[in-house]
Amino acid sequence: MSARESGLKDTGIQISEATVSDFFALLKPRVMALAVFTAFVGLMVAPGTMNPIIAVIAVGAIAVGAGAAGALNMWYDADIDALMSRTSKRPVPSGRVTPGEALGFGLVLSVLSVMTLGVLVGWLAASLLAFTIFFYVVIYTMWLKRSTPQNIVIGGAAGALPPVIGWAAATGAVGVESVILFLIIFLWTPPHFWALALFKIGDYAAAGIPMMPNVAGQASTRRQIFVYSLILAPIGVLPWAFGFASGLYGIVSAALGAGFIWHAWKLLVDKRWVEGWEMKRAKALFAYSIFYLFAIFAVLLANTIAMRAIMSAGN
-18 MSARESGLKD
-8 TGIQISEATV
2 SDFFALLKPR
12 VMALAVFTAF
22 VGLMVAPGTM
32 NPIIAVIAVG
42 AIAVGAGAAG
52 ALNMWYDADI
62 DALMSRTSKR
72 PVPSGRVTPG
82 EALGFGLVLS
92 VLSVMTLGVL
102 VGWLAASLLA
112 FTIFFYVVIY
122 TMWLKRSTPQ
132 NIVIGGAAGA
142 LPPVIGWAAA
152 TGAVGVESVI
162 LFLIIFLWTP
172 PHFWALALFK
182 IGDYAAAGIP
192 MMPNVAGQAS
202 TRRQIFVYSL
212 ILAPIGVLPW
222 AFGFASGLYG
232 IVSAALGAGF
242 IWHAWKLLVD
252 KRWVEGWEMK
262 RAKALFAYSI
272 FYLFAIFAVL
282 LANTIAMRAI
292 MSAGN
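Take the sequence shown: its position 312, counted from the start at 1, is 293 in my numbering, and no numbers get skipped.
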């Protein structure tokens, strides 16, 4: 320890030992990556053309905004994160980043991302980004998460907004197509997180979070997951039905939806409750749900690029 560090400790001033990787972890990079990808697809699917530099700035600002929301979430949830095995090693509960640092980091990034998007891209997209950060941090994290088993249902709106922001960045408006992309993610969120909650039910119980399995029971949760899968599958086909995706996308999205229903059905009806078999079903659905959402948006992106290439060749 240096003489300066020793002197600061003597005065009671806390010295941060956080590294760059700790602050990067505050951004929830996996969640941020999903937000960036779906926002990029929303931007690409939108009609018209966009300056590539402005497009990069837009996606970058959305990424920073998503990371800012993650940092503020970790700041506020440090107490319950410390009680759950899945989150106890996060930077704040593990002590690598102080709560004040996480709060300041999240607030600075929030302002930076919204102002950058507003000044350089458009204020509608910036307003939607600001609302997304507010909704995730205040409405979901501070209120819904700890108060109702519908937390992830209502709170899922925050995670579903990135493609709408991307669309608004490209067009300056919110179209029906972007609302459909919103609905896909919004309806995907409950079965995705409830599958996780089924095999992490002990963690949520220890932290006192009213996730659906802890409140309504595992049987009810499995039934609700199946109902959501039945609703999600046809919604995933709507880009084709509304004409902004080809028939090939319609076939692939229908097959992906059928796979989701199959996994949800197996979770619902399997009665082999020995040796954690029901947890294997929940984990299988959780893994498939991640694949489903990535695949739906990846196929839509590839479809859009292919359709534009065909139209360009025809001209």
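Glycine included, C-beta positions come from ideal geometry on N, C-alpha and C.
From a predicted model like this one, the values you see are computed outputs, not experimental measurements.
With DSSP collapsed to three states, give me the class of arginine 127.
-> DSSP places arginine 127 in the helix class (H, G or I) of the three-state scheme.
Distance CB(leucine 179)-CB(leucine 88) smaller than 9 Å | No, they are not a contact pair.
Report yes if the CB atom of leucine 266 is closer than 9 Å to the CB atom of alanine 239, and no otherwise.
-> No. Outside cutoff.
query = Whose CA, out of Thr202, Ala151, Met25, Gln199, lies closest to the CA of arginine 289?
reply = Per the Cα distances, Met25.
Below 8 Å, can you find three or more Cβ-Cβ pairs linking the region 146 to 162 to the region 176 to 191?
Segments in contact, no.
* Please look up how many angstroms separate the CB atoms of leucine 90 and valine 45, rounded, as I've assumed it's under 8 Å. => Their Cβ separation, rounded to whole angstroms, is 5 Å, which keeps leucine 90 and valine 45 in contact under 8 Å.
In three-state terms, what does DSSP make of asparagine 32? coil
(message) Let me check understanding here. Comparing Cα to Cα, which of Val100, Leu64, Ile277 lies closest to isoleucine 232?
(response) Ile277
query = Where does glutamate 256 land, buried or exposed, given buried means 16+ other C-beta within 10 angstroms?
reply = Since pLDDT at glutamate 256 reaches only 47, below the 50 mark, its modelled position is unreliable, and the value read off the structure follows with that caveat. So glutamate 256 counts as exposed.
What does the Cβ neighbour count give for isoleucine 291, buried or exposed, with the cut at 16 atoms within 10 Å?
exposed
Worksheet item: Looking only at its own chain, which residues have a Cβ that is under 6 Å from the Cβ of isoleucine 34, when we skip the five neighbours before and after it?
Response: Nothing listed; no residue qualifies.
For this session: Can you tell me which of the three DSSP states threonine 152 falls into?
Result: helix
Is arginine 289 helix, strand or coil when you go by DSSP? helix
Report the residue from Thr113, Val95, Gly48 whose alpha carbon sits nearest the alpha carbon of leucine 84. Minimum Cα distance to leucine 84 is reached at Gly48.
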